[in-house]
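Novice: Below you will find the structure I want to go over with you.
In our numbering, the protein residues as written are 38 to 128.
In structure tokens:
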């Protein structure tokens with residue numbers, strides 16, 4: 038009779054451990070589902086934002102070029118700095 042009770046104790050312990058593992062996995066699945074939902078909302082917002090930008094008519098002032106030849110340069114003059122500030126204020 039003691040061997041049966043020992044076996045029962047081992048089985049009960051195994052059931053408890055498996056129940057804990059299942060609970061942990063369920064919590065993990067819930068967290069993953071929440072992440073997917075939040076990412077979906079974020080993607081919807083970004084998609085809406087991009088659609089609004091595409092619908093927005095292009096304005097000439099949006100296409101400001103500081104360099105006419107598209108070559109990289111270190112731009113440090115006051116004139117260039119003022120243009121950058123004006124552009125940032127416009128947005």
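Where a beta carbon is used, it is the ideal one built from N, C-alpha and C, also for glycine. These numbers come from a predicted model, not from an experiment.
#1: Can you name the start and end residues of the alpha helix (DSSP H) that residue 120 belongs to?
#2: Measuring only the C-alpha atoms, how far is residue 92 from residue 73?
#3: Return the CA-CA distance between residue 55 and residue 61, expressed in angstroms with no decimal places.
Specialist: Reading off the structure:
#1: Residue 120: member of the alpha helix (DSSP H) spanning 115-127, first to last residue.
#2: The alpha-carbon atoms of residue 92 and residue 73 are separated by roughly 28 Å.
#3: When rounded, the separation of the alpha-carbon atoms in residue 55 and residue 61 is 10 Å.
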